[in-house]
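In what follows, a structure is listed as structure tokens, so that the remarks can point back to it.
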Amino acid sequence: MKLENVKLVVVTGAGSGIGRVTAQRFARLGARVVASDINAESAEATAAAIREQGGEAYARHLDVTDVAEFEEFADWVRAEHGVCDVVVNNAGIGILGEVIDTTEADWDRIIGINLLGMVHGARLFAKQMIDAGKPGHVVNIASAAAFLPMASLASYSTTKYAVKMFTDCIRAEFAPHRIGASVICPGPVLTNIFASATHTGASAEDAQQRSSVTGAAFEKIRSLHLISGPENVAKAIEGAVRHNRKTVLVRPEAYLVYAMRRLSPALLRTISGLVFNQRTVDLLYRLGKNPRVARLIGA
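For any residue, its number in this note's numbering is found by taking its place in the sequence shown, counting from 1, and adding 15.
Set out below in structure tokens:
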């Protein structure tokens, strides 16, 4: 899709991280941006930052698990700003813990946000594009976790795998209408998704401590530039829209996991089971609570 034809972009989960940077990138390319987030203040902060840079942006509260609110949001976008050219379904959460400790409520929440939020965004905005007879593009943010079975992240990996398949399906369905669909699968990216993740099987106090350690570790990694920020993902999203790419991997880790899954799924499961298990996670948290380590990472 020619980027000069991209006049209006809708981004969910635009209050921080990948969503915010993506909204800013499309604004710099000249598009009007609607930034939505469950945190209305964060969405407004994104829109304000874009306006300060000379762009045109609007903020709106959106809980992607509330279908009625999502429908109202889509209708508002069309009524106030017109039919969008690109929708970036980015809202997502992380839940850490073993399946036996992950409750039905946990599953409902992560499926509602990570998967059904993508479904509703694609369904509602693609319908507007089809009804208007105009081309467009749907971008769904998944993860390299879509290819990596992780024992301590089963709910997260499951939803990301489902997003990958969903995007493949709508790519075939929407193609006759000149609507592209891309799924973005980044490797590790410095955002707050896991610093703010739910920890299953942990007491409230322990979960708070784990979040504190995770957040401090991520900030330390950020300061050392060991893992890239969301800018590379935003660039990949732009490229996906420009070239109508199907599956876009971001960072070497994503390519490595994808290649291993193609070459030897059994080996990948074995390695993943040894590395990404609850014992390893618990060990890392215990290390993070060590006074020397805590001082090092600033926890």
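Glycine is no exception: its CB is placed at the ideal position from the N, C-alpha and C atoms.
Spatial distance of residue i from residue j (CA atoms)
i, j, result
"K149", "S167", "43 Å"
"F162", "T262", "12 Å"
"L264", "V154", "13 Å"
"A137", "R276", "27 Å"
"E59", "A29", "9 Å"
"S31", "A46", "19 Å"
"A141", "A187", "13 Å"
"I65", "T174", "31 Å"
"P280", "V178", "20 Å"
"E113", "T215", "7 Å"
"E285", "M133", "Reading off the sequence, residue 285 comes out as Thr, not Glu. Rounded to the nearest angstrom, the two C-alpha atoms are 30 Å apart."
"A42", "M165", "36 Å"
"H192", "L271", "34 Å"
"E67", "E95", "22 Å"
Short Cβ contact (7 Å threshold) for residue i with residue j
i, j, result
"E246", "V36", "yes"
"I125", "S170", "yes"
"G151", "D100", "yes"
"I110", "T213", "yes"
Same chain only: Cβ atoms within 7 Å of residue i, ignoring 5 sequence neighbours per side
i, result
"F88", "S51, R75 and L77"
"A62", "A50, A72, Y73 and A74"
"H135", "V79, V82 and F85"
8 Å Cβ shell around residue i - same chain, five flanking residues per side excluded
i, result
"I7", "In this structure the chain extends from 16 to 314, so residue 7 is not present and cannot be described."
"I194", "A141, M144, I145, P150, G151, H152 and V153"
Close beta carbons around residue i, own chain, < 6 Å, minus the five adjacent residues each side
i, result
"V103", "V26, T37 and V154"
"G34", "V26, G28 and N105"
"T182", "N155, A196 and V198"
"A147", "V98"
"V24", "F41, A46, V48 and V101"
Next on the checklist: Quick check for students: name the residue ranges of the alpha helix (DSSP H) that lie wholly in the segment 41-124, counting only runs of 4 or more.
Outcome noted: Complete alpha helix (DSSP H) runs here, min 4: 55-67 and 82-96.
Item to check | Whole runs of the beta strand (DSSP E) within the segment 123-200, excluding any shorter than 3 residues | outcome: Scanning the segment 123-200 for uninterrupted beta strand (DSSP E) segments of 3 residues or longer gives 151-156, listed from N- to C-terminal end.
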